[in-house]
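> Have a look at this one.
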Amino acid sequence: MTEEFFTSERIDRYAFLPFTACEVTDKARLDRILQGKPCRAVCVFLIPYRVESAKGNLSRYAHARDYHLYFEGLCERAQGAFPAFLTGLADRSPIHERSLALKAGLGVRGKNGLLLNETYGSFCFIGVLLFSELPQDAVLRGPLPARDCVGCGACLAACPTQCLTDPKKPCLSALTQAKRLTEEEEELLKRSELIWGCDRCQEVCPVNRGARQTPIPFFKEDLIESLTEESLNDLIETGEWARRAYAWRGKDVLFRNLKLCTRARTPDTDQT
Ligand code: SF4
Ligand code: SF4
């Protein structure tokens, strides 16, 4: 059943571990989620999202529809497939997902803070399923010691803000999501020409060279690589906006970022 489930989901990088392998970062939240039910096993897996799409002003992970929508569907199917299934966790998780994936041997720890898988590179989301007990035919793994990447330093050198070497510097990805920006931060965004996320440290990573494209249909469909004010207005009017990874931050942040990038491309006539 376990292999059939993941094969039908087109997920080929997964591992079962004992719950004790989890690094719990928010116990109160985890308790609320579990509601007193015992959790003895977890399955951690990679959700690759890379497709051969054009480079745009949106980060690659946001080209398809919001992966939370995909994950909700997957959890519903897991509920039907596994009697011991409790719930699924992705993103705002009360356990440290990357550390669990490292312990499962699903990749190495990159200097850019991302998990690097030998096949899909760093273009993966991490999902976790919780079980009251190990599914009958599942094999328990690890936990294995976490391993580091080769440490070539290409990501450190390419980072436009040097935030990977100086923790006081901001990450562009976080800036594109910030409600308020200082003048200095606005300048950084203008130069980047990005309106959501940043992939620079991933683009230069040698592990990502030839990273396999996702086999999961959800991430190959309804792709939007770039937005303009006009196309953003269209998204909002049609309701498609609500299905996008950036919707949670509100449209004003996206419009502001677009304005900054447009201003950066428009010559300042006052200076003549
Ligand atoms: S996402 Fe961009 S700004 Fe952030 S660490 Fe990577 S290269 Fe630097
Ligand atoms: S670019 Fe080099 S140092 Fe950075 S994550 Fe990739 S392998 Fe590691």
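Whatever position you read off the sequence shown (first residue = 1), add 749 for the numbering used here. Where is the CB? At the ideal position from N, CA and C, for every residue including glycine. Being a predicted model, the structure only gives us computed values, none of them experimental.
So is glutamine 911 buried or exposed if we call it buried at 16+ other beta carbons inside 10 Å?
Position 162 of the sequence shown, counted from the start, is the residue given in the question as residue 911. Glutamine 911 sits exposed, since fewer than 16 C-beta atoms from the chains shown fall within 10 Å of its C-beta.
> Would you report the Cα separation of glycine 854 and lysine 1000, rounded to the nearest angstrom?
Walking along the sequence shown from the start, residue 854 turns up at place 105. Walking along the sequence shown from the start, residue 1000 turns up at place 251. So the two alpha carbons sit approximately 39 Å from each other.
> Considering only C-alpha positions, which residue in the set Glu942, Pro919, Ser941 is nearest to threonine 1038?
This structure cannot speak to residue 1038, because the chain is shown only from 750 to 1021.
> Going by DSSP in three states, asparagine 861 sits in which element: helix, strand or coil?
Position 112 of the sequence shown, counting from 1, holds the residue named residue 861. Of the three classes helix, strand and coil, the one that applies to asparagine 861 here is coil, per DSSP.
> Please work out which residues of its chain come closer than 8 Å, Cβ to Cβ, to isoleucine 985, disregarding the five sequence neighbours upstream and downstream, and give them in chain order.
Reading the sequence shown from its first residue, position 236 is the one you call residue 985. Same-chain partners within the cutoff: Lys1000.
> My parser needs the beta strand (DSSP E) runs of 3 or more residues fully inside the stretch 844-912; what are they?
873-880
> Here's the rule I'm using: 16 or more other beta-carbon atoms within 10 Å means buried, otherwise exposed. How should lysine 804 be labelled?
On the sequence shown, residue 804 is found 55 positions in, with the first residue counted as 1. By the neighbour-count definition (other C-beta atoms within 10 Å, threshold 16), lysine 804 is an exposed residue.
> Should valine 888 be labelled buried (16 or more other beta-carbon atoms within 10 Å of its own) or exposed?
Taking the first residue of the sequence shown as 1, we reach residue 888 at position 139. Exposed, since its Cβ has fewer than 16 Cβ neighbours within 10 Å.
> Which partner residues does proline 797 have in the DSSP bridge list?
Residue numbering aside, residue 797 sits at position 48 when the sequence shown is read from its first letter. Paired residues: Cys873.
> Once you ignore the five residues that flank methionine 750 on each side, which residues in its own chain have a CB closer than 8 Å to its CB?
Residue 750 sits at position 1 when you count from the first residue of the sequence shown. Same-chain partners within the cutoff: Ala830, Phe831, Pro884, Gln885, Asp886.
> Below 8 Å on the Cβ atoms is my guess for isoleucine 796 versus phenylalanine 880; work out the distance and round it to an integer in Å.
As a position in the sequence shown, residue 796 is number 47, starting the count at 1. As a position in the sequence shown, residue 880 is number 131, starting the count at 1. With 8 Å as the limit, isoleucine 796 and phenylalanine 880 do not qualify as a contact, their Cβ atoms being about 18 Å apart.
> Taking just the CA atoms, how far does threonine 914 sit from glycine 859?
Counting from one through the sequence shown, the residue named residue 859 turns up at place 110. Counting from one through the sequence shown, the residue named residue 914 turns up at place 165. The C-alpha of glycine 859 lies about 13 Å from the C-alpha of threonine 914.
> Starting from the Cα of arginine 702, find the closest Cα among Leu865, Asn1006, Lys928 and give me that residue.
Past the boundaries of the shown model lies residue 702; the chain is included only from 750 to 1021, so the question cannot be answered.
> Can you tell me where the alpha helix (DSSP H) with glycine 837 in it begins and where it stops?
Along the sequence shown, read from residue 1 onward, the residue named residue 837 stands at position 88. Not the alpha helix (DSSP H): glycine 837 falls in the beta strand (DSSP E), residues 834-838.
> Can you find at least 3 beta carbon pairs, one from the stretch 777-787 and one from the stretch 837-847, that sit closer than 8 Å?
yes
> Mind checking valine 899: buried by the 16 CB within 10 Å criterion, or exposed?
Walking along the sequence shown from the start, residue 899 turns up at place 150. By the 10 Å Cβ count, valine 899 comes out exposed.
> Excluding the 5 residues preceding and the 5 following alanine 833 in the sequence, name in chain order all residues of the same chain whose CB lies nearer than 8 Å to its CB.
Locating residue 833 in the sequence shown gives position 84, where the first residue counts as 1. If we look at alanine 833 and ignore the five residues flanking it on each side, its Cβ neighbours are Ala790, Phe880, Ser881, Glu882, Leu883, Pro884.
> Does at least one heavy atom of ligand 2 sit under 8 Å from the Cβ of proline 955?
Sequence index remark: in the sequence shown, residue 955 carries index 206 (1-based). At least one heavy atom of ligand 2 is nearer than 8 Å to the Cβ of proline 955, so yes.
> I'd like to know whether the C-beta atoms of proline 909 and leucine 893 end up nearer to each other than 9 Å.
As a working mapping, residue 909 is identified with position 160 in the sequence shown. As a working mapping, residue 893 is identified with position 144 in the sequence shown. No. Outside cutoff.
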